[in-house]
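K.L.:
Chains as they are written, first to last, in the working numbering: chain Y, 56 to 335; chain Z, 4 to 287.
1. Smallest Cα separation from residue 78 (chain Z): which of Z:105, Z:108, Z:106, Z:164?
2. Which of helix, strand or coil does DSSP assign to residue 254 (chain Z)?
3. When you compare the CB of residue 62 (chain Y) with every CB in chain Z, is at least one pair closer than 8 Å?
4. Check whether chain Z comes within 8 Å of residue 171 (chain Y), counting only Cβ atoms and requiring the distance to be less than that.
5. Of the choices Z:232, Z:254, Z:193, whose alpha-carbon is the least far from that of residue 244 (chain Z)?
6. By alpha-carbon positions, which one of Z:261, Z:156, Z:17, Z:55 ends up nearest to residue 147 (chain Y)?
7. Would the segment 295–304 of chain Y and the segment 117–131 of chain Z be scored as touching if the rule is three or more Cβ pairs under 8 Å?
8. State yes or no: is the C-beta of residue 135 (chain Y) within less than 8 Å of the C-beta of residue 200 (chain Y)?
9. To the nearest angstrom, how far is the alpha carbon of residue 50 (chain Z) from that of residue 265 (chain Y)?
10. Quick one: grab the DSSP three-state call for residue 51 (chain Y).
11. Against residue 126 (chain Z), what residues of chain Y qualify as contacts under a CB-to-CB distance less than 7 Å, listed in chain order?
12. Buried or exposed: where does residue 334 (chain Y) fall if 16 or more other Cβ atoms within 10 Å of its Cβ makes it buried?
13. Please report whether the beta-carbon of residue 43 (chain Z) lies at a distance below 8 Å from any beta-carbon of chain Y.
14. Answer yes or no: does any C-beta atom of chain Z fall closer than 8 Å to that of residue 300 (chain Y)?
15. Grouping DSSP H, G and I as helix and E and B as strand, with all else coil, what is residue 56 (chain Y)?
16. Look at residue 291 (chain Z) and residue 169 (chain Z) and say whether their C-beta atoms are less than 8 Å apart.
17. For residue 108 (chain Y), list the residues DSSP reports as bridge partners.
18. Is it true that the CB of residue 271 (chain Y) sits closer than 8 Å to the CB of residue 198 (chain Y)?
19. Please go through the segment 83–153 of chain Z and give each complete alpha helix (DSSP H) segment of 4 or more residues, from N-terminal end onward.
20. For residue 139 (chain Y), would you say it is in contact with chain Z, using Cβ-to-Cβ distances shorter than 8 Å as the test?
21. Can you tell which of Y:68, Y:98, Y:243 has its C-alpha closest to the C-alpha of residue 95 (chain Z)?
22. Rounded to the nearest angstrom, what separates residue 62 (chain Y) and residue 189 (chain Z) at their Cα positions?
23. Does the Cβ-Cβ distance between residue 128 (chain Y) and residue 285 (chain Y) come in under 8 Å?
24. From residue 57 (chain Y) to residue 206 (chain Z), what does the alpha carbon distance come to, in whole angstroms?
25. Residue 267 (chain Z) and residue 110 (chain Y): beta carbons closer than 8 Å?
26. Looking at the secondary structure, which residues open and close the alpha helix (DSSP H) in which residue 237 (chain Z) lies?
27. Just curious, the alpha helix (DSSP H) that residue 277 (chain Y) is in, first and last residue?
28. For residue 40 (chain Z) and residue 166 (chain Y), what's the separation of their Cα atoms in angstroms?
29. Can you find a CB in chain Z that lies within less than 8 Å of the CB of residue 153 (chain Y)?
30. Give the interface partners of residue 119 (chain Z) over in chain Y, defined as CB-CB distance under 7 Å, in chain order.
31. Hey, would you say residue 241 (chain Z) sits closer than 8 Å to residue 38 (chain Z), going by beta carbons?
32. Since I believe residue 79 (chain Y) is in contact with residue 153 (chain Z) (beta carbons under 8 Å), could you give me their beta-carbon distance rounded to a whole number of angstroms?
33. Flag residue 176 (chain Y) as yes if its beta-carbon sits less than 8 Å from any beta-carbon of chain Z, otherwise no.
34. In this structure, what does DSSP give as the bridge partners for residue 42 (chain Z)?
35. Rounded to a whole number of angstroms, what is the C-alpha to C-alpha distance between residue 270 (chain Z) and residue 64 (chain Z)?
36. Can the beta-carbon of residue 117 (chain Y) be found closer than 8 Å to that of residue 108 (chain Y)?
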């Protein structure tokens, strides 16, 4: 059975591999291009050819007059991202636990959370902006933008938690309770370690989605810009590769975070596999 | 208070419920209320008028913006579905090693966690008048003058949408495909079906809900977009989102709110059609 099957698969394998490789180039090619161009020489422009190679544009980035408030907006974006990450992880974990039992209004809340995910961002941005404006609270990145980001990150967190608990083997918990563990001990020593890798995933989503969010921040950030707003402002008035340097740095930052999260998840799984060779 | 101690779920779900109430339901209600308000150059005037809607629904600008937005949505949907399905199919049925499969899947999803704006900007050096594509084509004498419609055009908008959102198709479709019992594929081939017959009569029906979830994401993201359209069309195209954004920047909040309500209703109608194909809780 295996041999003819293999022969049949081979028929489509090469063209599909080509499509896949082209798709990956399509995904990463443009980002790679601006990464290369950000090393333009001081005389270089926004397009090829390269006019020498230098770190000129990266240095420019840190000179205040060149690019608005880069340092400030970066700090705000990172702080906001961390708060959103923390709340997303805690809130979605709690909600995930809540949905393991049925409760009144659970379905309505679940569908509202989905609506929050797929509602056009501009609607939420505008709504929160006007709401803060009319109630006399001035919008700020740490209040209105924080809430706006949660409407985007929490649904992802909840969906990940649903996926986790749907596959969760309840017999581990039952065993812990049978052996006399309290509810808190069961959670801390059994449930939490088992879902930790997914929770790291939720944290990664929470931070990066908030860190890069533009549309939901637009009307809600108030006086001070977050980094994506600052970058958007630059697209209209900066015509040098300093824009690429900024793009390269933030993309590198995101890649570092993603790798760190993936390595942590991998390490957690590995250490668990070593501790419990029976497959726990 | 007795229900709190009886079922801790109520307490556990409170933070989520509060966020949804404060930052989803209240803002949407605010938009609906404000869409009936009056305004002048300086301030909003609480009122109950239908002029915002009257103006919106009778304006030819609105109509052309909706047509443009539907055009973007449908074109992007067709391309991302075809591309996303092909990529997911390759990952699910051609990659045998689970490790390689995981690595390639992550490779497809990583860009989702990086900045959309940067990803749009990164097309400029490729598609611009003096960009890589034009200069290469000129060098090999395929064209005499640079192609003008590569950047700041509808083409660029759709390209950016496909670039940004194809992974929203890949992930749910791949997820559905991984649940398909491999024996069904074998059975189909053993029964004499061609590869294409197997794909369209076995695989596609079995990942219908993955396709629906991906479609919901792509369509709603494109329908509500303003940043991709304004950045990639260079301000030459106006989608519904761009119109709302323009009214916001002119501080005409009631007009923007009316636009947002009509957009919301449009999106909800489209969603109610697409949600018929899935049971979302079973998908997770």
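Every residue gets a Cβ at the ideal spot worked out from N, C-alpha and C, and that includes glycine.
P.N.:
In this structure, then:
1. Closest option to residue 78 (chain Z), Cα to Cα, is Z:164.
2. coil
3. For residue 62 (chain Y), the predicted structure reports a pLDDT of 47, less than 50, and the residue's modelled location is therefore unreliable. The matter cannot be settled from this model.
4. yes
5. The option with the nearest alpha carbon to residue 244 (chain Z) is Z:232.
6. Z:17
7. Taking 8 Å as the limit for Cβ pairs, the verdict is that the segment 117–131 of chain Z does touch the segment 295–304 of chain Y.
8. yes
9. 36 Å
10. Because chain Y here runs from 56 to 335, residue 51 (chain Y) falls outside it and cannot be looked at.
11. For residue 126 (chain Z), the C-beta contacts it makes with chain Y under 7 Å involve 85, in order along the chain.
12. Note that residue 334 (chain Y) scores a pLDDT of 45, beneath 50, so its modelled location is shaky and nothing firm can be said.
13. No, because no Cβ of chain Y sits closer than 8 Å to the Cβ of residue 43 (chain Z).
14. no
15. Residue confidence for residue 56 (chain Y) is low, a pLDDT of 39 falling below 50, so the modelled location carries little weight; the figure read from the coordinates is stated next. Coil, per DSSP.
16. This structure leaves residue 291 (chain Z) out entirely; chain Z is present only between 4 and 287.
17. DSSP lists Y:95 as partners of residue 108 (chain Y).
18. In this structure, the beta-carbon distance from residue 198 (chain Y) to residue 271 (chain Y) does not fall below 8 Å.
19. 101–112, 119–124, 127–130, 135–142
20. no
21. That would be Y:68, whose Cα lies nearest to the Cα of residue 95 (chain Z).
22. Here the model assigns residue 62 (chain Y) a pLDDT of 47, short of 50, so the residue's position is not dependable, and the following value carries that caveat. About 13 Å.
23. yes
24. Per-residue confidence for residue 57 (chain Y) stands at a pLDDT of 42, beneath the threshold of 50, marking its modelled position as unreliable; no derived number is given.
25. no
26. Note, residue 237 (chain Z): premise wrong, no alpha helix (DSSP H); not H, not E.
27. Residue 277 (chain Y) -> no alpha helix (DSSP H), and no H or E assigned at all.
28. Straight-line Cα distance between these residues: approximately 30 Å.
29. In terms of beta-carbon proximity, residue 153 (chain Y) lines the interface with chain Z, with at least one pair separated by less than 8 Å.
30. Those within 7 Å of residue 119 (chain Z) in chain Y are 267, 269.
31. no
32. Contact flag wrong, Cβ pair sits at about 22 Å.
33. At a cut-off of 8 Å, the C-beta of residue 176 (chain Y) has a neighbouring C-beta in chain Z.
34. Answer is Z:47, bridged to residue 42 (chain Z).
35. Going from the Cα of residue 270 (chain Z) to the Cα of residue 64 (chain Z) covers about 19 Å.
36. No; because the gap between Cβ atoms is not below 8 Å, this pair is not in contact.
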